[in-house]
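Trainee:
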Amino acid sequence: MSLRTYVFGIAAALFVLIVVVELLRRRQLRERHAVWWLFAGALALIAGVFPETLTWAASLVGIGLPVNLVFFVSIAILFLVCLQHSAELTRLESQTRALAERVAIMGLELRELQSLSPGEEDAS
Amino acid sequence: MVPAFNESESVAAVVREIFSELPGVAVLVVDDGSRDSTAVVARKVGARVAVLPFNLGVGGAMRVGFRYALDNGYEHVVQIDADGQHDPKSIPLLLAELQNADVVLGARFAGEGAYRVRGPRQWAMKALAVVLSKTCRTKLTDTTSGNRASGPRAITLFAEHYPAEYLGDTVESLVISARAGLTIRQIAVVMRARQGGVPSHNPVKSGTYLARAVLALVFALVRPRSSYAVVAQ
Numbered sequence: 221m222s223l224r225t226y227v228f229g230i231a232a233a234l235f236v237l238i239v240v241v242e243l244l245r246r247r248q249l250r251e252r253h254a255v256w257w258l259f260a261g262a263l264a265l266i267a268g269v270f271p272e273t274l275t276w277a278a279s280l281v282g283i284g285l286p287v288n289l290v291f292f293v294s295i296a297i298l299f300l301v302c303l304q305h306s307a308e309l310t311r312l313e314s315q316t317r318a319l320a321e322r323v324a325i326m327g328l329e330l331r332e333l334q335s336l337s338p339g340e341e342d343a344s
Numbered sequence: 002m003v004p005a006f007n008e009s010e011s012v013a014a015v016v017r018e019i020f021s022e023l024p025g026v027a028v029l030v031v032d033d034g035s036r037d038s039t040a041v042v043a044r045k046v047g048a049r050v051a052v053l054p055f056n057l058g059v060g061g062a063m064r065v066g067f068r069y070a071l072d073n074g075y076e077h078v079v080q081i082d083a084d085g086q087h088d089p090k091s092i093p094l095l096l097a098e099l100q101n102a103d104v105v106l107g108a109r110f111a112g113e114g115a116y117r118v119r120g121p122r123q124w125a126m127k128a129l130a131v132v133l134s135k136t137c138r139t140k141l142t143d144t145t146s147g148n149r150a151s152g153p154r155a156i157t158l159f160a161e162h163y164p165a166e167y168l169g170d171t172v173e174s175l176v177i178s179a180r181a182g183l184t185i186r187q188i189a190v191v192m193r194a195r196q197g198g199v200p201s202h203n204p205v206k207s208g209t210y211l212a213r214a215v216l217a218l219v220f221a222l223v224r225p226r227s228s229y230a231v232v233a234q
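Line order of the protein sequences matches chains V and A.
Note that the working numbering has the first sequence beginning at 221, numbered continuously upward.
Note that the working numbering has the second sequence beginning at 2, numbered continuously upward.
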């Protein structure tokens, strides 16, 4: 491995980590969403700085070509993040739904109250 | 309760008919985010109208109705479709049967009326009927009927847990009622042709109906009990 690829690997991992931390710092990303990205960034940094760890981990799980482990872990993390987003979306959707139902009932009650109050002839 | 989505042509007639059949009842039209004048029309003929800000599907509209009934102390809720398919004459029958049950279905295949379906849709409905009859420990032939009545215990359960998914609303609501220990009965009702609007089931959709029905049923059956068993003791 040339020095150039070595530096490139580290720089890419650092870039990811910096972006995630910066987003966290500005509160544009919540911790529970950031966890996976921090995890991925940290893994990439470790594998970038110490390429032997990657070779070691690959042989540990019986993967011949270490780069395949990188692909596997990347896809696994992306998959989990995707799943988490789907679950989150479902939760948000049911909250929106509950709000809409509440709004419908409040609108009806408001109208009934207005028709009850004697002072307002125009609000029939 | 009348859930309505873009039914301005027929909703007024349905509401008027309910009032003439049963004077003095409260009619709640839940306007499920219609883009037409459904809410205005319904209000004009004297119904109370709850307007949803966007379309939630029948399940969402139903939950609004049950929530409203619960908050305002109504003990019985009868669903009537806004397209005029359900005959308001069925309401007294459904209510009478509610003396012996928590949920009463108005079934379209139980002898009366001329309601027919064919193909995958029919198979799906047959399969659903068999499985749900077992789950509910009573003979049901038309599990996707939207013409039903709910008693106080069912209202409490449904206000919180009425399912929102397509088909879930009819199929899953039966499963959760059975699991919550409610009794379910079925009576025969007459189904009429729609008075207006476009049928919500076209030939293209009815093919996927089977798969969705099975999916809805399977998920209803495997859902953890703890998610709704707390209510209606």
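The C-beta atom is built at its ideal place from N, Cα and C for all residues, glycine as well.
Give every residue of the same chain whose Cβ lies closer than 8 Å to the Cβ of A/Ala40, excluding the five residues on either side of it in the sequence, and list them in chain order.
Mentor: The sequence position of residue 40 of chain A within the second sequence is 39, counting from 1. Same-chain partners within the cutoff: Val30, Asp32, Val50, Val52.
Trainee: Taking 6 Å as the line, does the beta carbon of A/Leu175 fall inside it for any heavy atom of the ligand PLP?
Mentor: As far as ligands go, the structure on display features none, and thus does not contain the ligand PLP.
Trainee: Rounded to whole angstroms, what is the Cα-Cα separation between V/Trp256 and A/Leu129?
Mentor: Counting from one through the first sequence, the residue named residue 256 of chain V turns up at place 36. Counting from one through the second sequence, the residue named residue 129 of chain A turns up at place 128. If I take the Cα positions, the gap works out to 42 Å.
Trainee: Tell me the residue span of the alpha helix (DSSP H) that contains A/Asp72.
Mentor: As a working mapping, residue 72 of chain A is identified with position 71 in the second sequence. 59-72 is the extent of the alpha helix (DSSP H) around A/Asp72.
Trainee: Is there a Cβ of chain V sitting closer than 7 Å to that of A/Val52, yes or no?
Mentor: Numbered from its first residue, the second sequence carries residue 52 of chain A at position 51. Yes, its Cβ sits closer than 7 Å to a Cβ of chain V.
Trainee: Taking C-beta to C-beta, are A/Ala62 and A/Val12 nearer than 7 Å?
Mentor: Start at 1 with the first residue of the second sequence, and residue 62 of chain A comes out as number 61. Start at 1 with the first residue of the second sequence, and residue 12 of chain A comes out as number 11. Going by C-beta atoms, A/Ala62 is not nearer than 7 Å to A/Val12.
Trainee: Under a CB-based cut-off of 7 Å, is A/Arg36 close to chain V?
Mentor: For the purposes of this step, residue 36 of chain A is taken as residue 35 along the second sequence, with counting starting at 1. For A/Arg36, the answer is no, since every Cβ of chain V falls outside 7 Å of its Cβ.
Trainee: Using three-state DSSP, classify A/Ser151 as helix, strand or coil.
Mentor: Along the second sequence, one-based indexing puts residue 151 of chain A at 150. Strand, per DSSP.
Trainee: Who pairs with A/Ala108 in a beta bridge, going by DSSP?
Mentor: Taking the second sequence and counting its residues from 1, the one referred to as residue 108 of chain A is at position 107. DSSP, once it has assigned bridges, lists A/Ala189 as partnering A/Ala108.
Trainee: By the 10 Å Cβ neighbour count, where 16 or more other Cβ atoms means buried, how is A/Pro93 classified, buried or exposed?
Mentor: Position 92 of the second sequence holds residue 93 of chain A. By the 10 Å Cβ count, A/Pro93 comes out exposed.
Trainee: Going by the beta-carbon positions, is the gap between A/Tyr163 and A/Arg17 smaller than 7 Å?
Mentor: On the second sequence, residue 163 of chain A is found 162 positions in, with the first residue counted as 1. On the second sequence, residue 17 of chain A is found 16 positions in, with the first residue counted as 1. Cβ distance not < 7 Å, so A/Tyr163 and A/Arg17 don't count as in contact.
Trainee: Check distances from the C-beta atoms of the stretch 57-81 of chain A to those of chain V and list, in chain order, the residues that come in under 8 Å.
Mentor: Cβ contacts with chain V: Leu57, Gly61, Arg64, Val65, Arg68, Tyr69, Asp72.
Trainee: Taking the alpha helix (DSSP H) that V/Leu243 belongs to, which residues open and close that run?
Mentor: Here the question's residue 243 of chain V lines up with position 23 in the first sequence. First-last of the alpha helix (DSSP H) with V/Leu243: 223-245.
Trainee: So the alpha helix (DSSP H) A/Pro4 belongs to, where does it begin and stop?
Mentor: By 1-based counting over the second sequence, the position of residue 4 of chain A is 3. Unbroken run through A/Pro4 is the beta strand (DSSP E), 3-5; no alpha helix (DSSP H).
Trainee: Helix, strand or coil: how does DSSP classify A/Asp37 here?
Mentor: As a working note, residue 37 of chain A is residue 36 in the second sequence. A/Asp37: coil per DSSP, three-state reduction.
Trainee: Would you report the Cα separation of V/Ser279 and A/Phe159, rounded to the nearest angstrom?
Mentor: Taking the first residue of the first sequence as position 1, residue 279 of chain V is located at position 59. Taking the first residue of the second sequence as position 1, residue 159 of chain A is located at position 158. Using only the alpha carbons, I get a separation of about 55 Å.
Trainee: Along the stretch 162-183 of chain A, what residues have a CB closer than 9 Å to any CB found in chain V?
Mentor: Result list: Ala165.
Trainee: Considering only residues of the same chain and omitting the five flanking positions on each side of V/His305, which have a CB-CB separation below 7 Å?
Mentor: Taking the first residue of the first sequence as 1, we reach residue 305 of chain V at position 85. No residues qualify anywhere along the chain.
Trainee: What's the gap between the Cα of V/Ala324 and the Cα of V/Ala307?
Mentor: Sequence index remark: in the first sequence, residue 324 of chain V carries index 104 (1-based). Sequence index remark: in the first sequence, residue 307 of chain V carries index 87 (1-based). The alpha-carbon atoms of V/Ala324 and V/Ala307 are separated by roughly 26 Å.
Trainee: Thinking C-alpha only, which one of A/Glu10, A/Ala212, A/Ala48, A/Ser38 is nearest V/Arg345?
Mentor: Coverage of chain V is limited to positions 221 through 344, which leaves residue 345 of chain V absent and any answer about it impossible.
Trainee: Report the residue from V/Thr310, V/Glu329, V/Gln334 whose alpha carbon sits nearest the alpha carbon of A/Glu166.
Mentor: Locating residue 166 of chain A in the second sequence gives position 165, where the first residue counts as 1. The residue with the shortest Cα to Cα distance from A/Glu166 is V/Thr310.
Trainee: I'd like to confirm the pairing. Which residues does DSSP put opposite A/Ala51 in its beta bridges?
Mentor: Translated into positions along the second sequence, residue 51 of chain A becomes position 50. Looking at the DSSP assignment, A/Ala51 forms a beta bridge with A/Val31.
Trainee: State the DSSP-derived secondary structure class of A/Val235, mapped to helix, strand or coil.
Mentor: The structure shown has nothing for residue 235 of chain A, since chain A only spans 2 to 234.
Trainee: Any idea if A/Val131 is buried or exposed, counting beta-carbon neighbours within 10 angstroms, 16 or more meaning buried?
Mentor: Translated into positions along the second sequence, residue 131 of chain A becomes position 130. A/Val131 should be labelled exposed.
Trainee: Name the residues in the stretch 314-328 of chain V whose C-beta lies less than 7 Å from a C-beta of chain A; which are they?
Mentor: Under the 7 Å Cβ criterion, the stretch 314-328 of chain V contributes Arg317, Ala320, Glu321, Val323, Ala324, Ile325, Gly327, Leu328.
Trainee: So A/Val31 contacts chain V; which residues on that side make the cut at Cβ distance below 8 Å?
Mentor: Position 30 of the second sequence, counted from the first residue, corresponds to residue 31 of chain A. In chain order: Ala324.
Trainee: Which word fits A/Cys137, buried or exposed, when buried means at least 16 other C-beta atoms lie within 10 angstroms of its C-beta?
Mentor: Residue 137 of chain A sits at position 136 when you count from the first residue of the second sequence. Buried is the call here.
Trainee: CB-CB under 8 Å to A/Arg149, same chain, minus the five flanking residues each way: which ones, in chain order?
Mentor: In the second sequence, the residue the question calls residue 149 of chain A occupies position 148. Around A/Arg149: Val79, Gln80, Leu95, Val104, Val105, Leu106, Gly107.
Trainee: Which bits of chain V does A/Arg49 rub up against, with CB to CB less than 9 Å?
Mentor: Taking the first residue of the second sequence as position 1, residue 49 of chain A is located at position 48. Under the 9 Å cutoff, chain V gives Leu328, Arg331, Glu332.
Trainee: With a threshold of 6 Å on Cβ separation, who are the neighbours of V/Leu285 within its own chain once the five nearest residues in sequence on each side are excluded?
Mentor: Position 65 of the first sequence, counted from the first residue, corresponds to residue 285 of chain V. Nothing meets the Cβ criterion.
Trainee: Under 7 Å between the Cβ atoms of V/Ala264 and V/Ala296?
Mentor: Here residue 264 of chain V is taken as the residue at index 44 of the first sequence, counted from 1. Here residue 296 of chain V is taken as the residue at index 76 of the first sequence, counted from 1. No, the pair does not count as a contact, with Cβ atoms beyond the cut-off.
Trainee: What does the Cβ neighbour count give for V/Met326, buried or exposed, with the cut at 16 atoms within 10 Å?
Mentor: Translated into the one-based positions of the first sequence, residue 326 of chain V becomes position 106. Exposed.
Trainee: DSSP state of V/Leu333, grouped into three classes?
Mentor: What you label residue 333 of chain V is simply residue 113 of the first sequence in a count that begins at 1. In this structure, V/Leu333 counts as helix in the three-state DSSP scheme.
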